[in-house]
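S.K.: I'd like to ask some things about the structure below.
Protein chains: 2
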Amino acid sequence: MEANRLEAIFKPQSVAVIGASTVPGKLGHDILANLIRAGFEGLIYPVNPKAEEILALPAFKQISDTPSPPELAVIVIPAKAVPNALEQCGQAGVKAAIVITGGFAEAGSEGEQLQQQLTDIARRYGLRVLGPNCQGVNHPYHQLCASWPLLTTKGRIALVSQSGTVGAALMDWANQEKLGVSTFVSLGNRADVDEADVIQYLNQDDHTQVIALYVEGVKRPVYFLDALAEATKPLVILKAGRTEKGRQAAESHTKSLAGVDAVYDAIFRKYRVHRADSLEELYDYAKGLAYLPKPKGRRLLNISSSGGAAILAIDQAEKLGFTVPEPSPALKDQLASFLPAHCMIGNPVDLTGDVISDAELYKKVIDAAQAEYDTMVIIFGDPIPRASQIVTPGAAELVVFLGGADIERQEVPLIQGQGIPVFPTPERGVKALHQFFRFESAPPAMPAPTLPPAGLQLLPASEAAQLLARYGIPAAAAPLATSAEEAVQVAESFGFPVALKIASPDLPHKSDVGGVRLNLGNAEEVNYAYQDILATVHLNARKAQIDGVTVSPMAKPGGLEVIIGMNCDPQYGPILMFGLGGIFTEIYRDVQFSLLSNQEEDYRQMIRGITGYPLLAGARGQRPKDEEALIQVLKGVARLAQSHPEFDQIDLNPVLVYERGVFVVDVRIFSCIK
Amino acid sequence: MEANRLEAIFKPQSVAVIGASTVPGKLGHDILANLIRAGFEGLIYPVNPKAEEILALPAFKQISDTPSPPELAVIVIPAKAVPNALEQCGQAGVKAAIVITGGFAEAGSEGEQLQQQLTDIARRYGLRVLGPNCQGVNHPYHQLCASWPLLTTKGRIALVSQSGTVGAALMDWANQEKLGVSTFVSLGNRADVDEADVIQYLNQDDHTQVIALYVEGVKRPVYFLDALAEATKPLVILKAGRTEKGRQAAESHTKSLAGVDAVYDAIFRKYRVHRADSLEELYDYAKGLAYLPKPKGRRLLNISSSGGAAILAIDQAEKLGFTVPEPSPALKDQLASFLPAHCMIGNPVDLTGDVISDAELYKKVIDAAQAEYDTMVIIFGDPIPRASQIVTPGAAELVVFLGGADIERQEVPLIQGQGIPVFPTPERGVKALHQFFRFESAPPAMPAPTLPPAGLQLLPASEAAQLLARYGIPAAAAPLATSAEEAVQVAESFGFPVALKIASPDLPHKSDVGGVRLNLGNAEEVNYAYQDILATVHLNARKAQIDGVTVSPMAKPGGLEVIIGMNCDPQYGPILMFGLGGIFTEIYRDVQFSLLSNQEEDYRQMIRGITGYPLLAGARGQRPKDEEALIQVLKGVARLAQSHPEFDQIDLNPVLVYERGVFVVDVRIFSCIK
């Protein structure tokens, strides 16, 4: 890595434009004009065999004619003439070249050979070459615009792109938003300089705080990994070409799952690269990481003129693991002391449209709430004049502006001009803020309660099983035994093996408290299991009311576990659920919901809608399971729910599905206490 | 539902503004001004007790003073005065009112009572009331702008919003893009008219092609469902308030999985509502459904001035089930006959930056390729003048413009002015187009091949097992038997039970061809299984080379199935994979990848990165499995891969993990043929 020679691409003391033109509209003219207009402070040499003077600068016939060798040459001449020009650069002692011209490797085998010549010449002279087929470099801090269009705003993000257009689109956004860039690098065909070089260089660049890359392919994997490993600045990468187009048919599971892209997921996770899934994410993530201060924690206060916009922010925030706590009572009192009466004090603090005439209200809330929150989400959701005066550069504030029409178009540049990023929707803002937490593990999920809450009671298992039978749902009988002897008696009446389960209105999750024994094969095992269950549950749930133990015949083997449930929605009434049982439900959340329906087709679609449906349909050489019987159970539960509006929740879990028929092993029904 | 009275909100013959004001900047003034300037053709009555004339219209002291009762009253007076004004409207025979004023239910209990009065008055007089606390109605086709700002562009999308700001933001986008709306309805607090009413009304509206709604809550669930069921036009809904904030702790699985939002997923799926996940999706989906013609099929041709932008489109397209076939040889020839030599003819057709000076090239490609594709994805990825002249209204074209800077800002309105939607990024365009296929099942996935492809050979199982052992990986021995007698002999040396598996270099997936028998308990079973395997496999794979059958001891029970694999990436070399086995891998694709590493921590993170990790860590009352032993296997596979660069793929599947130790049941190693 000749870092000092790479320096000549970004910070040359002198620049030649080979192919400089007198004709406006031609790149050879426009790049020269941009170099001049950007205020480049070194010497600029137009090179053109036919012109005496271009844009008031004396022109030179060839590079060797310049009074001193320029450090950087920008080459804008037809492809076939480029190798010769580059050779002359090498001979003249030029340190680096940017080849704008296209028609090389991207244009077929002839172009490939031409490009190989450039690579060879670069190696021979130790000349660093960016391109060919690229859009150049723009380095506002060095007043170097060897690119187009002319953009001079100095920013914090380095944009690096393998695609000219993608780079240009990002530059245009950064320019429209007055954020600017620290550097823009269009890599082109990468005959010499590639993404690894540029990452390493920009990681040392004083003005670059975040490196954003659009990458289609990586030229030197080992160097690329090194560059990622060494990078100390945040990297945001959009790796295109993710899908499986053209993938070879794969012989192993591993290869078929790896596809063409899994390796980049693995690499980016390892090196903590912020992978973007779209062009807008690439831009938003870079913008957030460069311009937002890193939040101390995940507590957000939403301050908005619009309830709706705040709800969108909160939805996105909670999805990503942020918390949105209510203000403390003291803070609420304080806010109430100065906010107009109709403002809503909570999270969000909804200032309503009043702030159109008094943007200062935002500022007062921010000042008061600062100590309780990690980030203020400030949503300007109306045409709010003077919005730009109430935000503070460097403060822990996430600013969103929407619905502000012309006032928004006036204020946003005024805010961004202060180095404060503004996001166009609440969702995009919150997703950008989340990048600071992307590589931290998410906060733990809410633990499940062990006892049923007030207002609900658990139907005894024996009663629930009888109820199911009345609705045509085949369920395991579960008579209650209140002594070991009785349990043995019941077991013998069923025939072995049997299952014993704790019977308690307080313990809906029986196995969690050690209250289940399966596959008991004889009287002795039943006797022991009865005692053992009571002792174990007593230890685990001392306060629970224990009614005894239920005894059930074991289901015959070979069934697939599924779960069927009903939950009463406060607005829409009973909702049915279907999913594969056990881990599929608990960990993968692979379930589907449906309103009650009198069309079997709706239930069939629900069943077929789960990801794991192939298991039911007969994956892995198994025979298909009895889908129709499942539909009948769903219809039965629907009728049951309609007849018993007092039932708040029903879990049939597990239900075993066989090739023919189904069997409900366990059922829990929660009823409202009237 | 008095539909004809609702008509008075959207198509009144006369309008009164109660609270009309002479002071510009006040809503009572600005709404009156907008009514006039939008060109409303009926009578307009300003109502103001103090003014004689407002904006050159004679003003009236009260509603009863107007020469004839207006059909619609727009009310913009302080909240406390609204009930009385509405009462007067009822008495005067006004058919409908829009209450702009806030300070009702959104502002506490006093406001709630005030709002209830509005509801009561509305019922008493059969007066339909929109609002209170709303931003009114804009219906450009009726030249009715009882809202602000003044927007008059006639479009195809009806925007309905429960949030003023969200509605205003959408209106602003539609206006900036020159697409306009068919109607804008701000629902406000919904004292009377609600989302169900408006959906039903707009479904009958001649100019509305798509209804886009922002909804936080639904007032009358039954009517809402009816409205969805009856709607014949595409509905796009952003339902906010999705997350679990404030969710009660749930006692049943069903309830805990249902959360607060699953019911809307179920409803929207049933009624084929296009659910949007963000504000931009709401806008993009509505725009696509309203302005793009429904494609005949999924075949896309990408025509672009930018390779990068086309790759982004293709990535998104393939993710969503579109196909991107190459042009036929005939079409390629035809394209080559007129395209400049350096254009790349494939999918995409990359026209390169040349089209900046010759946009007609797009048109020529479109015309030539029309017959082979369902939709042309036209990507203007540069400042392309005259882009607006090469697109055709109503044609099967998806237009994306990016990276075009000022030219883009000139051309996009010219394109959209023709009723052709333009999307700002390839990803957003393709996602919008996909809405037409959202409720169709995805095309079938690529079938797995049965035979290993040319260039790879499968190592014999016995050899592979020995190799693993040399790298410290405990695997089932799998000696080859070439007769039933030999198989019995080997089985007896292991002790029963054993497993028999077909040995063939052509059959990597042994169970797919009926080549596996497990749990054979004695010599007789082994003898029978041997014959049976050979007969079955012969039937299923007549051409496969059969070497015999391998005999292995059965693994001890109680292990958790996982899969460990290696795949050689052409650039990065060996990549390791870890996942839970069986269905978890095949259906849920719950796997993680890692580069080779000498840090155990990397492998530990890979193991812990799968969704199903709780199963390994000891979910459902199980003891934790031996994670450290798994790490040792991964390290062993890594060493194996490094020592054998000729190995292209390795599958250890299944691997059983116990509380202590692991056991590789089956292994497949594919080696490159040199």
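Heads up: the protein sequence lines correspond to chains A and B, in order.
Going by the working numbering, the letters in the first sequence line up with residues -13 to 660, in that order.
Going by the working numbering, the letters in the second sequence line up with residues -13 to 660, in that order.
Note that CB positions come from ideal geometry on N, CA and C, so glycine has one too.
Because the structure is a prediction, the values reported are computed rather than measured.
If you draw a straight line from the C-alpha of B:Y574 to the C-alpha of B:T597, how long is it?
M.R.: 10 Å
S.K.: So if I threshold CB-CB distances at 8 Å, which residues from the segment 191 to 204 of chain A count as touching chain B?
M.R.: Here the close residues are Y200, E202, V204.
S.K.: Could you tell me whether any Cβ in chain B is nearer than 7 Å to the Cβ of A:S657?
M.R.: no
S.K.: Chain A beta carbons: is any one of them nearer than 7 Å to that of B:P491?
M.R.: no
S.K.: In the DSSP assignment, what residue or residues form a beta bridge with A:Y200?
M.R.: A:S147, A:L224
S.K.: Just the C-alpha distance for B:R299 and B:V408, rounded to the nearest angstrom, thanks.
M.R.: Here residue 299 of chain B turns out to be Ala, not Arg, going by the sequence shown. Near 14 Å, if we compare the C-alpha coordinates of B:V408 and B:A299.
S.K.: Using only the alpha-carbon positions, how far apart do A:H328 and B:N20 sit?
M.R.: Separation of A:H328 and B:N20 (C-alpha to C-alpha, rounded to the nearest whole angstrom) is 28 Å.
S.K.: Using the rule of at least 16 other Cβ atoms within 10 Å of the residue's Cβ for burial, across every protein chain shown, is A:S95 buried or exposed?
M.R.: exposed
S.K.: Among the residues of its own chain, which have a CB less than 6 Å from the CB of A:A(-6), if the five just before and after it don't count?
M.R.: E57, L58, K81, A82
S.K.: In whole angstroms, give me the CA-to-CA distance for A:L479 and A:L486.
M.R.: The sequence given here places Ser at residue 479 of chain A; Leu does not occur at that position. Spanning the two alpha carbons is a distance of roughly 14 Å.
S.K.: Verify the CB distance criterion: does B:F(-4) have a CB-CB separation below 7 Å to chain A?
M.R.: no
S.K.: Span of the alpha helix (DSSP H) holding B:M592?
M.R.: 586 to 594
S.K.: On the DSSP bridge list, what partners appear for A:Y31?
M.R.: A:A2
S.K.: Answer yes if the segment 352 to 364 of chain B comes into contact with the segment 390 to 400 of chain B, meaning at least three C-beta pairs across the two stretches below 8 Å, and no otherwise.
M.R.: Result no; under three Cβ-Cβ pairs closer than 8 Å.
S.K.: In the DSSP output, which residue or residues are listed as bridge partners for B:R646?
M.R.: Looking at the DSSP assignment, B:R646 forms no beta bridge with any residue, so it has no partner.
S.K.: Following the continuous alpha helix (DSSP H) through B:Q578, name the residue where it begins and the one where it ends.
M.R.: Counting along the chain, B:Q578 falls outside any alpha helix (DSSP H), though it belongs to the beta strand (DSSP E) covering 577 to 581.
S.K.: Can you tell me whether A:A531 is helix, strand or coil according to DSSP?
M.R.: Correcting the residue type first, residue 531 of chain A is Gln in the shown sequence and not Ala. In this structure, A:Q531 counts as coil in the three-state DSSP scheme.
S.K.: Around the Cβ of B:F667, are there at least 16 other Cβ atoms within 10 angstroms (buried) or fewer (exposed)?
M.R.: In the structure as shown, chain B starts at -13 and stops at 660, and residue 667 of chain B therefore has no counterpart that could be examined.
S.K.: If you draw a straight line from the alpha carbon of A:E426 to that of B:D263, how long is it in whole angstroms?
M.R.: 24 Å
S.K.: What are the start and end residues of the beta strand (DSSP E) that includes B:E547?
M.R.: 546 to 555
S.K.: So, does the CB of A:S629 fall closer than 7 Å to a CB anywhere in chain B?
M.R.: So no, A:S629 is outside the interface.
S.K.: Would you say B:S292 lies against chain A (beta-carbon separation less than 7 Å)?
M.R.: yes
S.K.: Three-state secondary structure (DSSP) at B:I376?
M.R.: coil
S.K.: Could one say the Cβ of A:Y644 lies closer than 7 Å to chain B's Cβ atoms, at least one of them?
M.R.: no
S.K.: Is it buried or exposed, B:D51, if we count other Cβ atoms within 10 angstroms and call 16 or more buried?
M.R.: exposed
S.K.: From which residue to which residue does the beta strand (DSSP E) around B:V623 run?
M.R.: Where B:V623 is concerned, there is no enclosing beta strand (DSSP E), although the alpha helix (DSSP H) it sits in stretches over 613 to 629.
S.K.: What would DSSP say about A:G405, mapped onto helix, strand or coil?
M.R.: coil
S.K.: Mind pulling the chain A residues with CB within less than 9 Å of B:P135?
M.R.: P369, A391, D392
S.K.: Which residues in the same chain have their Cβ closer than 7 Å to the Cβ of A:E92, if we skip the five residues on either side of it in sequence?
M.R.: N119, N175
S.K.: Taking just the CA atoms, how far does B:A463 sit from B:P446?
M.R.: 12 Å
S.K.: Decide if the segment 137 to 144 of chain B is in contact with the segment 156 to 172 of chain B; the criterion is three or more beta carbon pairs, one per stretch, under 8 Å apart.
M.R.: The segment 137 to 144 of chain B vs the segment 156 to 172 of chain B: in contact.
S.K.: Taking the alpha carbon of A:P560 as the point to measure from, which residue in A:F90, A:G534, A:Q628 has its own alpha carbon closest?
M.R.: A:Q628
S.K.: Can you name the residues of chain B whose CB is closer than 8 Å to the CB of A:Q375?
M.R.: None at all; the shortest Cβ gap to chain B is about 20 Å.
S.K.: 7 Å is my cut-off, CB to CB: does A:D180 come that close to chain B?
M.R.: no
S.K.: On the three-state DSSP scale, how would you describe A:G390?
M.R.: coil
S.K.: Compare the C-beta of A:V569 with all C-beta atoms of chain B and state if any pair is closer than 7 Å.
M.R.: Reading the sequence as shown, one finds Ile at residue 569 of chain A and not Val. At least one CB atom of chain B sits nearer than 7 Å to the CB of A:I569.
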